[in-house]
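First to last, the protein sequences are chains U and A.
Numbering-wise, this note's numbering comes out as the position in the first sequence, counting from 1, plus 477.
Numbering-wise, this note's numbering comes out as the position in the second sequence, counting from 1, plus 680.
No residue lacks a Cβ here, since even glycine has one placed at the ideal position from N, Cα and C.
Note that the structure is predicted; figures quoted are calculated from it, not measured.
What follows is a set of notes on a single structure, which appears directly below.
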Amino acid sequence: MEHQPSTQELNPDNASAPAPLDVQPVNAGAKQKAQPLYAAREQIFPKRAEGRFRRLKWIIMLITLGIYYVTPWLRWDRGTHAPDQAVLIDMANRRFYFFFIEIWPQEFFYVAGLLVMSGVGLFLVTSIVGRAWCGYTCPQTVWTDLFIAVERFWQGDRNARMRLAKASWSFEKARKLVATHAIFLVISVATGGAWIFYFADAPTLLWNFVTFQAPFVAYSTVAVLTATTYVFGGLMREQVCIYMCPWPRIQAAMLDEDSLVVTYNDWRGEPRSRHAKKAAAEGKSVGDCVDCNACVAVCPTGIDIRDGQQLECITCALCIDACDDIMTKVGRERGLISYSTLREYNHNMAIAKNPETGAIDPTRVRDADGKFDDRVKHFDWKIIFRVRSLIYMTAWALIGVVMLYALLSRDRLEVNVQKDRNPVFVTLSDGSIRNGYTVKLLNMIPEPRVIFLSIEGLPGATMSINDVDQPEGTSFAIPVEPDKLRSLRVFVSQPKQFTTEGRASFHFIAEDKQSFESDTYDAVFEAPEK
Amino acid sequence: MADKNEIDEVSGVETTGHEWDGIKELNNPLPRWWLWTFYATIVWALAYTVFYPAWPGITGATAGILGWSSRGELAQEMTDLKASQAVYLEKLAATDVTEVSADPELLQFATAGGASTFKVYCEQCHGSGAQGGPGYPNLNDDAWIWGGTIEDIYTTLMHGVRYEQDPDTRISDMPAFGRDELLERPDINDVAWYVRKLSGQEFDEEAANRGETVFADNCSACHGEQGEGMAELGAPNLSDAIWLYGGTHADIVAQVTSPRQGVMPAWSGRLGETTVKQLAVYVHGLGGGQ
């Protein structure tokens, strides 16, 4: 690994510009020479960056990967009748467990609500900090970052990797490549492996998996996810973002003039010069950019941010770290490349441009001491709180509050009734009228319960239930298994003297007499039109 | 089309030379693997046509070396389905029809099977909800001409009603009191009023009193003293609210004069014992089973 001197080691006054790196943006070719319609990918060897954004990215990687790998192993006691895995998508039994929340299929709107919140949240984040999703949290970015770190560990930093790539085959090269790709595969298998643990009891499945007793779908899922992780993160990397992912195009369209994007501030950087002192001595105006190419060398998508906003830019901000490092070394202010809004940039650009020649003149933004002119705009917290972002925040919070309320006040005991419509009613031999219903009792807690099902509001009527050996009556005690639905065929009969023509309304009531939970269903009883 | 490629002024990118109404195509090269992927899909498509039916000919298409056909797939699915049902069907074949309800799983299987069989063979007469119609009994109610226990229903289904090809079929033969001149018209008129009285409907007092004797002499042997019916003989209950051929005075007169006698085929030969068991379980569970 290359040694990066810390800022304390350097005396800014004596520091000369660092030697420029020999690097070209991978998308520069199109602008230079006759091109074929199809071109081979230019391999990118991102140089190691250090700084606050790199540190943030390490932390986010640790958190996101940590959540992904560890979550299925968390336990959560739900008693003897439900699984004790904290997060479990139980497809076979159609239940979704998330810590203290258990969701039945008909409650899936909570998940839909979460997805809506994620969507609005993404709009919010994008409108404020641009493609932050792409740069920091997208799995493609996180895993690619991890794979690049592995590559760097075995093969060294940028120059060493480039040398290795060019070198002819040797034992040393083979050893390094095999080691790198072996670790890639291990990570990929672990990635695919972690996925399946969300769908079954993790310890059991792991044991079955390694003893070859797991279902075929477990192996095929791991195989597919291993392949995609290895190919996308290990081999294709930035090409996934540039050629395959539709999301960058959508996100880029959600930016506006007040969104923060990674920007090369050419209003202070240009004209760039590798020999600033010499040029200054000759009386030429010189910008802050020393054209060292550090920003290009660290870029994981291999572009030159100084060419302006490009779809290849995932706003990972590593070029900011690289440039800040150089700026500190040469004794200039940080922020030549920075998160900046288009409005701010245009404003500063207007100041910097000589109205007659249209060229950037750095002296227009600085005074003789090198201090920025007061008119120059810098980052302002206020851009976070603008109408658009406030609308997103409100919508996001509103959905969240509504969902939370719905979740906290939801029923764990339900009765659903479906009336027979064919036949609508049946006349019995004593002249009474009978209607049939399919009644579903939902015991949505992981404990067995006795649910009292009764009818109310239909004069003289009694009910009988198939498979329940109790005499006709108006109330039945029905045992329901933990966390299960019990479907009953219920016949409600009303004696002749009580029947009214046409439809009559009444209620099915389901009650748990211990917890005092109850649910009512408004049903209809039909009799012939006389 | 322009002959020569040029450099676009705004983007600085070379054009491909293609131009449509002044709009020029820039040449930002696609990655080469994209092209290979495209070729790979073509190879895949061609290989597919070798393995699966594809190329059309005069009388048909190439069969493909895997020998796959949608008909074959259906046959396979049906076989798999039958295999998955086999365990229940065997169990059902070995279980007496009265014992089915003791096994909840078997009961569920039999009810579902019965429901689907009913839709194919029974609903033409008994209706899609088994609600019946004039001349065709409603199977949801609690009135059973030939008995409503599961055994009775099973026997009726197995051998049919008045189905001559089956020697064990259920037979009842009510005399045609009017057509065969066994009773005079006024007597028939009177006995019909009496039957209205028995079933608790409006009736003519005088006529019903006269009809009581006629009923005792001619009808009670089969239909019972109080018209309560007799399932062993297939004599319907005349005192309840359910009328197969209608309960108005005119309907009753018509039935006494010249009875209509419905026929139901025996299903044992056509459906087999196990399927009939499923049907019996289904019909018994419709709500009126005894």
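Ranked by Cα distance from residue 788 (chain U), the first of U:759, U:728, U:652 and U:829 is U:728. In the displayed model, residue 616 (chain U) falls within a helix according to three-state DSSP.
Per DSSP, the beta bridge partners of residue 917 (chain U) are U:893 and U:964. Here residue 740 (chain U) carries a strand assignment [DSSP, helix/strand/coil]. Shown in chain order are the members of the segment 718 to 733 of chain U whose Cβ falls below 7 Å from a Cβ of chain A: 720.
Straight across, the Cα-Cα distance linking residue 631 (chain U) with residue 661 (chain U) is about 11 Å. For the pair residue 581 (chain U) and residue 571 (chain U), the Cα-to-Cα distance works out to about 7 Å.
Residue 858 (chain U) counts as exposed, since fewer than 16 other beta carbons sit within 10 angstroms of its beta carbon. Only those residues of the segment 950 to 969 of chain U whose C-beta falls short of 8 Å from the nearest C-beta of chain A are listed: 966 and 968. Along the length of the segment 691 to 763 of chain U, whole beta strand (DSSP E) runs at least 3 residues long occupy 738 to 741, reported in chain order. The beta-carbon separation of residue 763 (chain U) and residue 748 (chain U), rounded to 6 Å, stays under the 8 Å limit for a contact.
At a cut-off of 9 Å, the C-beta of residue 736 (chain A) has no neighbouring C-beta in chain U. Between residue 710 (chain U) and residue 686 (chain A), the alpha-carbon positions lie close to 37 Å from each other. Using a C-beta cut-off of 8 Å, the segment 795 to 802 of chain U makes no contact with the segment 869 to 879 of chain U, since fewer than three inter-stretch Cβ pairs fall below that distance. Between the beta-carbon of residue 909 (chain U) and that of residue 1005 (chain U) there is about 12 Å, and that puts the pair past the 8 Å contact cut. Considering only A:932, A:900 and A:839, the residue with the shortest C-alpha distance to residue 956 (chain A) is A:839. Just measuring C-alpha positions, the residue of U:937, U:959 and U:957 sitting nearest residue 949 (chain U) is U:937. A straight-line Cα-Cα distance of about 54 Å links residue 917 (chain U) and residue 860 (chain U).
Inclusion of residue 721 (chain U) and residue 603 (chain U) in the CB contact set at 9 Å is not warranted, their separation being larger than that value. Contact between the segment 858 to 874 of chain A and the segment 834 to 848 of chain A is absent: fewer than three C-beta pairs spanning the two stretches fall below 8 Å. A straight line joining the alpha-carbon of residue 835 (chain A) with that of residue 924 (chain A) spans about 20 Å. Judged by DSSP secondary structure, residue 926 (chain U) falls outside any alpha helix (DSSP H) and instead within the beta strand (DSSP E) spanning 926 to 933.
Proximity of the segment 808 to 817 of chain A to the segment 889 to 901 of chain A falls short of the contact definition, fewer than three beta-carbon pairs being nearer than 8 Å. Ranked by Cα distance from residue 963 (chain A), the first of A:907, A:875, A:854 and A:799 is A:799.
Taking all protein chains in view, the Cβ of residue 761 (chain U) is surrounded by fewer than 16 other Cβ atoms within 10 Å, so the residue is classified as exposed.
For residue 822 (chain A), the neighbours in chain U by C-beta distance under 8 Å run, in chain order, 905 and 906. Under the Cβ criterion of 9 Å, residue 897 (chain U) is counted among the residues facing chain A. Annotation: the segment 626 to 659 of chain U contains the following complete segments of the alpha helix (DSSP H) (minimum length 4 residues), in chain order: 635 to 643.
In the structure shown, residue 881 (chain A) falls within a coil segment according to DSSP collapsed to helix, strand and coil. Taking a C-beta distance under 9 Å as the contact criterion, residue 953 (chain U) and residue 940 (chain U) qualify as a contact pair.
Against chain U, the CB of residue 722 (chain A) has no partner CB under 9 Å away; the residue lies outside that interface. Residue burial is scored here from C-beta neighbours: residue 693 (chain A) has at least 16 other C-beta atoms within 10 angstroms and is therefore classed as buried.
With the rule of 3 Cβ pairs closer than 8 Å, the segment 740 to 759 of chain A does not count as touching the segment 545 to 552 of chain U.
In the three-state reduction of the DSSP assignment, residue 945 (chain A) falls in the coil class, being assigned neither a helical nor a strand state. For residue 704 (chain A), there is no enclosing alpha helix (DSSP H); the residue is found in the beta strand (DSSP E) stretching over 703 to 706.
With a contact defined as Cβ atoms closer than 8 Å, residue 497 (chain U) and residue 769 (chain U) qualify at about 5 Å.
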